[in-house]
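Colleague: These protein sequences, in sequence, are chains A and B.
The opening residue of the first sequence carries number 1 in the numbering used here; numbering runs sequentially from there.
The opening residue of the second sequence carries number 709 in the numbering used here; numbering runs sequentially from there.
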Amino acid sequence: MLQRDFPASESSAHRITRAISIAVLMVLVCLVSPSQATDYRSSWFVVESGTSEDLLTVEEYGGQIWIFGTGGVMLNSADNGETWSNIESPTQSDIHHSDSGFGSILVAGESGIALLKSGEDSDWQNISLTGVSRINGVALTGSQSAIAVGDDGGIYRYQGGAWESVSLALDLDMKGVSFYDESSGVIVGSEGIILFSDDGGETWDYREAPEGVGESSIVGVEFYSPVRIYAITEDGRILMSASNVVTGTDVGYVWTLVEFERHYPPGSNQYQQNPSNLGVELSSIEVVTTTKLMMTGESGYLSISTNGGTIVSQQINPLGNDSVFNHIHMLTGFVGIAVGDNGAILWTEDAGVDDQVGFEVINFNDFDNFVDYSKDMLFAGFIATIKIVVFGIIMGFLIGVSLAMCKTSPTSMKYMVERFDPKIVRLIGIIIAGWGLYQFYVAVPKISELGLDGIENIFIPVGEPGAFGRVLLGIGLTFVGVLFMTNDGKFSKLELKGFKLNPWGVRPLNTIATVYTDFFRNTPLIVQFMFIHFGLQLGRLIQEPAQAFLEESTGGVAQFIKDEFLNDRAYISAICALGFNSGAYQCETIRGAIQAIPSAQMEAGRSIGLTYMQTMRRIILPQAIRICIPPMGNEMVNLVLNSSLAMVIGYAELTRQGKLITAVTFQMAYTWGMVLVSYFVITWTLALLLRRLEESTRIPGLGMTGGD
Amino acid sequence: MYSGGVHAVRGISFSVKEGESVAIIGSSGSGKSTVLRCINRLIEPTEGEVYLKDEQINTPHANINEVRSRIGMVFQSFELFPHLKVIDNITLGLIQVRGMAKAEAEKQALEVLERVDMLDRKDAYPGNLSGGQKQRVAIARSLAMKPEVMLFDEPTSALDPELIGSVLQTIRSLADDGMTMVVVTHEIGFARDVADRVVYMDEGVVAEEGPSSIINEPKTERMRKFLSSIHDED
Numbered sequence: 001m002l003q004r005d006f007p008a009s010e011s012s013a014h015r016i017t018r019a020i021s022i023a024v025l026m027v028l029v030c031l032v033s034p035s036q037a038t039d040y041r042s043s044w045f046v047v048e049s050g051t052s053e054d055l056l057t058v059e060e061y062g063g064q065i066w067i068f069g070t071g072g073v074m075l076n077s078a079d080n081g082e083t084w085s086n087i088e089s090p091t092q093s094d095i096h097h098s099d100s101g102f103g104s105i106l107v108a109g110e111s112g113i114a115l116l117k118s119g120e121d122s123d124w125q126n127i128s129l130t131g132v133s134r135i136n137g138v139a140l141t142g143s144q145s146a147i148a149v150g151d152d153g154g155i156y157r158y159q160g161g162a163w164e165s166v167s168l169a170l171d172l173d174m175k176g177v178s179f180y181d182e183s184s185g186v187i188v189g190s191e192g193i194i195l196f197s198d199d200g201g202e203t204w205d206y207r208e209a210p211e212g213v214g215e216s217s218i219v220g221v222e223f224y225s226p227v228r229i230y231a232i233t234e235d236g237r238i239l240m241s242a243s244n245v246v247t248g249t250d251v252g253y254v255w256t257l258v259e260f261e262r263h264y265p266p267g268s269n270q271y272q273q274n275p276s277n278l279g280v281e282l283s284s285i286e287v288v289t290t291t292k293l294m295m296t297g298e299s300g301y302l303s304i305s306t307n308g309g310t311i312v313s314q315q316i317n318p319l320g321n322d323s324v325f326n327h328i329h330m331l332t333g334f335v336g337i338a339v340g341d342n343g344a345i346l347w348t349e350d351a352g353v354d355d356q357v358g359f360e361v362i363n364f365n366d367f368d369n370f371v372d373y374s375k376d377m378l379f380a381g382f383i384a385t386i387k388i389v390v391f392g393i394i395m396g397f398l399i400g401v402s403l404a405m406c407k408t409s410p411t412s413m414k415y416m417v418e419r420f421d422p423k424i425v426r427l428i429g430i431i432i433a434g435w436g437l438y439q440f441y442v443a444v445p446k447i448s449e450l451g452l453d454g455i456e457n458i459f460i461p462v463g464e465p466g467a468f469g470r471v472l473l474g475i476g477l478t479f480v481g482v483l484f485m486t487n488d489g490k491f492s493k494l495e496l497k498g499f500k501l502n503p504w505g506v507r508p509l510n511t512i513a514t515v516y517t518d519f520f521r522n523t524p525l526i527v528q529f530m531f532i533h534f535g536l537q538l539g540r541l542i543q544e545p546a547q548a549f550l551e552e553s554t555g556g557v558a559q560f561i562k563d564e565f566l567n568d569r570a571y572i573s574a575i576c577a578l579g580f581n582s583g584a585y586q587c588e589t590i591r592g593a594i595q596a597i598p599s600a601q602m603e604a605g606r607s608i609g610l611t612y613m614q615t616m617r618r619i620i621l622p623q624a625i626r627i628c629i630p631p632m633g634n635e636m637v638n639l640v641l642n643s644s645l646a647m648v649i650g651y652a653e654l655t656r657q658g659k660l661i662t663a664v665t666f667q668m669a670y671t672w673g674m675v676l677v678s679y680f681v682i683t684w685t686l687a688l689l690l691r692r693l694e695e696s697t698r699i700p701g702l703g704m705t706g707g708d
Numbered sequence: 709m710y711s712g713g714v715h716a717v718r719g720i721s722f723s724v725k726e727g728e729s730v731a732i733i734g735s736s737g738s739g740k741s742t743v744l745r746c747i748n749r750l751i752e753p754t755e756g757e758v759y760l761k762d763e764q765i766n767t768p769h770a771n772i773n774e775v776r777s778r779i780g781m782v783f784q785s786f787e788l789f790p791h792l793k794v795i796d797n798i799t800l801g802l803i804q805v806r807g808m809a810k811a812e813a814e815k816q817a818l819e820v821l822e823r824v825d826m827l828d829r830k831d832a833y834p835g836n837l838s839g840g841q842k843q844r845v846a847i848a849r850s851l852a853m854k855p856e857v858m859l860f861d862e863p864t865s866a867l868d869p870e871l872i873g874s875v876l877q878t879i880r881s882l883a884d885d886g887m888t889m890v891v892v893t894h895e896i897g898f899a900r901d902v903a904d905r906v907v908y909m910d911e912g913v914v915a916e917e918g919p920s921s922i923i924n925e926p927k928t929e930r931m932r933k934f935l936s937s938i939h940d941e942d
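#1: Run the proximity test for A/Leu477: is its beta-carbon closer than 7 Å to any non-hydrogen atom belonging to the ligand GTP?
#2: DSSP state of A/Val527, grouped into three classes?
#3: What are the uninterrupted segments assigned as alpha helix (DSSP H) that are 4 or more residues long and contained completely in the stretch 572-618 of chain A, given in chain order?
#4: Would you list, in sequence order, the uninterrupted beta strand (DSSP E) runs of no fewer than 3 residues that lie entirely inside the stretch 80-162 of chain A?
#5: Closest by CA to A/Ala604, which one among B/Ile733, B/Pro790, B/Gly739 and B/Ile922?
#6: Please determine if the stretch 295-303 of chain A and the stretch 249-257 of chain A are in contact, where contact requires at least 3 C-beta pairs separated by less than 8 Å.
#7: Please list the terminal residues of the continuous alpha helix (DSSP H) segment that includes A/Thr655.
#8: In angstroms, rounded to a whole number, what distance separates the CA positions of A/Val324 and A/Ser283?
#9: Suppose you measure from the CA of A/Asp518 to the CA of A/Ala584; what does that come to, to the nearest Å?
#10: Report the partner residues of A/Thr296 according to the DSSP bridge assignment.
#11: Tell me, please, whether the CB atom of A/Ile16 is closer than 8 Å to any CB atom in chain B?
#12: Please report whether the beta-carbon of A/Leu610 lies at a distance below 8 Å from any beta-carbon of chain B.
#13: Ignore the nearest five residues each way along the sequence and tell me which others in A/Gln314's own chain have a CB closer than 8 Å to its CB.
#14: With C-beta atoms as the reference, is A/Val132 less than 8 Å away from A/Phe68?
#15: What residue does the beta strand (DSSP E) around A/Leu257 start on, and which one ends it?
#16: Quick check on the burial criterion: 16 or more other C-beta atoms within 10 angstroms. Buried or exposed for A/Gln586?
#17: Buried or exposed: which applies to A/Gln528, given that a residue is buried once 16 or more other Cβ atoms fall within 10 Å of its Cβ?
#18: Just to confirm before moving on: does the CB-CB distance between A/Val280 and A/Ser268 stay below 8 Å?
#19: On a CA-only basis, which of A/Gly592, A/Gly633 and A/Val480 is nearest A/Val417? Give me that one, please.
#20: On the criterion of 16 or more Cβ atoms from any shown chain inside 10 Å, does A/Gln439 qualify as buried, or is it exposed?
#21: Distance, Cα to Cα, A/Gln144 vs A/Arg134?
#22: Excluding the five sequence neighbours on either side, which residues of its own chain have a C-beta within less than 7 Å of the C-beta of A/Ala558, listed in chain order?
#23: Report yes or no: is there a C-beta of chain B within less than 8 Å of the C-beta of A/Ser607?
#24: Beta strand (DSSP E) containing A/Arg207: first to last residue?
#25: By how many angstroms is the C-alpha of A/Ile87 removed from the C-alpha of A/Leu75?
#26: A/Tyr651 by DSSP, collapsed to three states: which one?
#27: Give me whichever residues DSSP pairs with A/Phe709 in a beta bridge.
#28: What is the rounded straight-line gap between the Cα of A/Gln36 and the Cα of A/Ala384?
#29: Once you ignore the five residues that flank B/Arg706 on each side, which residues in its own chain have a CB closer than 7 Å to its CB?
#30: For the beta strand (DSSP E) that A/Asn76 lies in, which residues bound it at each end?
#31: Pairs of beta-carbons, one from the stretch 855-863 of chain B and one from the stretch 769-783 of chain B, closer than 8 Å: are there three or more?
#32: Could you tell me whether the stretch 743-753 of chain B touches the stretch 561-581 of chain A, where touching means 3 or more Cβ pairs closer than 8 Å?
#33: Using a cut-off of 7 Å between C-beta atoms, extract the partners of B/Glu819 located in chain A.
#34: Please check if any C-beta of chain A sits within less than 8 Å of the C-beta of B/Asn748.
#35: Expressed to the nearest angstrom, what Euclidean distance is found between the alpha-carbon atoms of B/Lys725 and A/Pro622?
#36: Considering only C-alpha positions, which residue in the set A/Thr70, A/Gly142, A/Asp79 and A/Glu82 is nearest to A/Asp99?
What follows is the structure in structure tokens.
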């Protein structure tokens, strides 16, 4: 027989070393987890334009796409932007702006040039404004009517083949105009001016810009719908006007500045928090839906927001970052075109949203390619799984041990009161019973307010969790109170028709632990995951106060907790859900092991004067934990396998990564096979460790030995 | 007295003087062990009073842990703590209950181990000891707490015959040193030689009580029958 006879001091040093090495290992596992190393690629395609002129505006007209630019250049594509032909232009002047609608297309620009085409086969009609240096914006209000704006308060209305000036005695520069239909339109300009017309541009009302716009110029506007107008400023801010159903305010009256929450740089997750502006001079805005916006600007700026501008994501510009984009136009919600200086044309079929894959075709049937693509994601999932498993096991074990001790606790009602005078106990009983009845008094009206009938009543805990808790508390308190009130110091049993009840034998801790384990063992884990994460939002409930609490601290541990746990709510929820659930099962395993220790061990401990808790901690638990290592191994393997359910709450563990990989590669056999192998590696390693632990903690001279 | 729904013992009343050793004998199920366990309240007597040096110990107000630490108990099946080495079995109570420093506790543990002649196995685990050795360690564990009285619950009945001697020798030497003891035993010869007084129990009551000489000359018919049945077995 192998003897393990270390001197006592050495063995405790040995234990400390082991604890430290385990802690270090866990920290390492957390640290090696890769930081978002995903590659992003632009989904904008570069299209050959055949010109080096600056392209300034793009329009869709007559089933074709038209681009106009400096020197009067006109490009046109009849094949959805694939090829472009340079068509003969009636002008040499730069064309800055265009509008189409009512069967016509109107372009305008430098030196008051304005060209109108009404009908696909008609020629360009020169309707240039004389004496105007430059037209800053045009909008059609009919097939032969339009509004143009220019510097120094210039607002011009084209009607019946002639321009007339709409004088407002304003000498501000008008920078943009947009009409929703033939009558409603908006003009924007320098110093935050906003003008609104309801009569096709004949008269214009001044509308107040939101505070904060100040002296900035509003450089572009799109009257998207009767409920929404968006405008952009030269200093990179977005204005919005919406109709308000509640106050009955029409669109265009009330303007607000969009508050940016996040601004993502191209191809990165490291966003800028609450920027005051987008940091770039915007050149155009395209409203795709009421809340989906796309913007262009200087310095290669292309961006999208799908929530009305609150979160803006810059898109990767395949041309590099110094090109200037002048105009963006979306043909559908996803297909669009952006034009820029030096003949730049970009085309997207995915709203320009950065793609994680890139364009080149990867043959995922080739296992080498497949592994190259998927290994990082799988490895990240592998680490993520190990992390929730490790912390889930620790949490589950702590809960399990506590519950098992509650369940085996001999503290009964009798034990709690026997040392007190029966009169005092009766008095306390009256107070407790009164308190219990008060709980009903508070809870019952709330529950009846729910108006549930018959079987619907099982959902009371969902409708009124507080009141339901009070009812449970009320039942418990009333029971305890009535019991105390009947105390005559004899603690006798009740006997009803031969059926014996011993209310004094009720063990409160055991009852509480039983309710907990019954609840967690009788509901599916996947539903627990969803309830805890989405219903209770436990991740958020823990994350927010914890962040606030640790905000000031910069110590190593606090920083570790902040970085490791508090960034990801799903991570917190996943650990909690796994820990709570596993705790309920581990409790039963540990309880079984505690009960397997001969009761004489407890007697022996007590008879040398140890308290119940001391005996539990020093004598019963050390033996019980050793006994339950094999069944605990089962429990831990189960926990690893159950951790795959964390995918439903969006935690990026192995199974979810597998799902993401198949979504891109469609390689079901490769992906799920590799996920299987990964799980096997985790559980098998765990089983090996447990076997090792079982051997190293074996008590010499006890149990079966296979011969060393 | 009353335990577990069956009246195991009733109307028992006896006292043990300081330095006296009392043997309780009787057939199986006569309530010997129950009486012993009532003394340190491993079984809670439903009625009656137990005193240790004029202090009633079976009231809810008594600090039972403190009381138990003054009463040593040796079990039939040893009940050593199998996960602890011999020496740690002994120091556990000293450190946890008496609040001794580890070094001091070990010193005291070595003394009692020497007394029961187990010093050479101090670093063994209980699982690697023979039954007699285990019981001697168990005695040492109780002894280390410096108890005012020691309770022995059939200390030899789980032992092989050839191992009994060493344990009895240890108990005998304790008695010789003046330790107050209550021994529940089947070893009639041992009771006769070591005990100052013998209590014979039958069916939950004290049937006969007196100096150890009553074993040789029992007054009651029941005790005579019991003694002769034991001799038949021998």
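Quick reminder that beta carbons are idealized off the backbone N, C-alpha and C, glycines included.
Everything numeric in this text was worked out from a predicted model, so none of it was measured.
Modeller: The answer reads as follows:
#1: As presented, the structure is devoid of all ligands, the ligand GTP included, so that no description of it is given.
#2: Here residue 527 of chain A is taken as the residue at index 527 of the first sequence, counted from 1. Here A/Val527 sits in helix by DSSP.
#3: 599-607 and 612-615
#4: 85-87, 95-101, 104-109, 114-118, 135-142, 145-150 and 155-159
#5: The residue you call residue 604 of chain A lines up with position 604 of the first sequence. When each option's Cα is compared against that of A/Ala604, the closest is B/Pro790.
#6: no
#7: Here the question's residue 655 of chain A lines up with position 655 in the first sequence. Counting along the chain, the alpha helix (DSSP H) containing A/Thr655 begins and ends at Leu654 to Thr665.
#8: If you number the first sequence from 1, residue 324 of chain A lands on position 324. If you number the first sequence from 1, residue 283 of chain A lands on position 283. For A/Val324 and A/Ser283, the gap between their C-alpha atoms comes out near 9 Å.
#9: Within the first sequence, numbered from 1, the residue matching residue 518 of chain A stands at position 518. Within the first sequence, numbered from 1, the residue matching residue 584 of chain A stands at position 584. The straight-line gap from Cα to Cα measures roughly 8 Å.
#10: For this step, residue 296 of chain A is matched to residue 296 along the first sequence. Partner(s): A/Ser284 and A/Leu302.
#11: Here residue 16 of chain A refers to the residue found at position 16 of the first sequence. For A/Ile16, the answer is no, since every Cβ of chain B falls outside 8 Å of its Cβ.
#12: Numbered from 1 along the first sequence, position 610 holds the residue referred to as residue 610 of chain A. Yes, because at least one Cβ of chain B sits closer than 8 Å to the Cβ of A/Leu610.
#13: One-based indexing of the first sequence puts residue 314 of chain A at position 314. Within the same chain, A/Gln314 has close Cβ partners His263, Tyr264, Pro265, Pro266, Tyr301, Leu302 and Ser303.
#14: Position 132 of the first sequence, counted from the start, is the residue given in the question as residue 132 of chain A. Position 68 of the first sequence, counted from the start, is the residue given in the question as residue 68 of chain A. No, these two residues do not count as a Cβ contact at 8 Å.
#15: Locating residue 257 of chain A in the first sequence gives position 257, counting from the first residue. Counting along the chain, the unbroken beta strand (DSSP E) around A/Leu257 starts and ends at Trp255 to Leu257.
#16: As a first step, residue 586 of chain A is located in the first sequence; it is residue number 586 there, counting from the start. A/Gln586 is buried by the Cβ-count criterion.
#17: Locating residue 528 of chain A in the first sequence gives position 528, where the first residue counts as 1. The residue in question, A/Gln528, is buried, as its Cβ has 16 or more Cβ neighbours within 10 Å.
#18: Residue 280 of chain A sits at position 280 when you count from the first residue of the first sequence. Residue 268 of chain A sits at position 268 when you count from the first residue of the first sequence. The answer is no: Cβ separation not under 8 Å.
#19: The residue labelled residue 417 of chain A in the question sits at position 417 within the first sequence. Of A/Gly592, A/Gly633 and A/Val480, the residue nearest in Cα terms is A/Val480.
#20: Counting from one through the first sequence, the residue named residue 439 of chain A turns up at place 439. The residue in question, A/Gln439, is buried, as its Cβ has 16 or more Cβ neighbours within 10 Å.
#21: Counted from its first residue, the first sequence places residue 144 of chain A at position 144. Counted from its first residue, the first sequence places residue 134 of chain A at position 134. Roughly 21 Å between the two C-alpha positions.
#22: On the first sequence, position 558 is the one that residue 558 of chain A refers to. Only Leu550 meet the Cβ criterion.
#23: Within the first sequence, residue 607 of chain A is the residue found at index 607, counting from 1. Chain B, which has a Cβ nearer than 8 Å to the Cβ of A/Ser607, makes this yes.
#24: Locating residue 207 of chain A in the first sequence gives position 207, where the first residue counts as 1. Its beta strand (DSSP E) spans residues Asp205 to Arg207.
#25: Within the first sequence, residue 75 of chain A is the residue found at index 75, counting from 1. Within the first sequence, residue 87 of chain A is the residue found at index 87, counting from 1. One C-alpha to the other measures close to 6 Å.
#26: Counting from 1 along the first sequence, the entry for residue 651 of chain A is found at position 651. Coil, per DSSP.
#27: One cannot answer for residue 709 of chain A here, as it falls past the ends of chain A, which runs 1 to 708.
#28: To locate residue 36 of chain A, count along the first sequence from 1; it is residue 36. To locate residue 384 of chain A, count along the first sequence from 1; it is residue 384. Low confidence applies to A/Gln36: its pLDDT is 40, below 50, so where it sits in the model is not reliable, and the reading given next is rough at best. Cα to Cα, the separation comes out at about 13 Å.
#29: The first residue shown for chain B is 709 and the last is 942, placing residue 706 of chain B beyond what the model contains.
#30: For this step, residue 76 of chain A is matched to residue 76 along the first sequence. Where A/Asn76 is concerned, the enclosing beta strand (DSSP E) stretches over Met74 to Ser77.
#31: yes
#32: no
#33: Residue mapping note: residue 819 of chain B aligns to position 111 of the second sequence, counting from 1. Within 7 Å Cβ-Cβ: nothing; B/Glu819 doesn't reach chain A, min ~17 Å.
#34: Position 40 of the second sequence, counting from 1, holds the residue named residue 748 of chain B. Yes - at least one Cβ of chain A is within 8 Å of the one on B/Asn748.
#35: What you label residue 725 of chain B is simply residue 17 of the second sequence in a count that begins at 1. What you label residue 622 of chain A is simply residue 622 of the first sequence in a count that begins at 1. Taking the straight line joining both Cα atoms gives about 39 Å.
#36: Counted from its first residue, the first sequence places residue 99 of chain A at position 99. Here the closest residue by C-alpha is A/Gly142.
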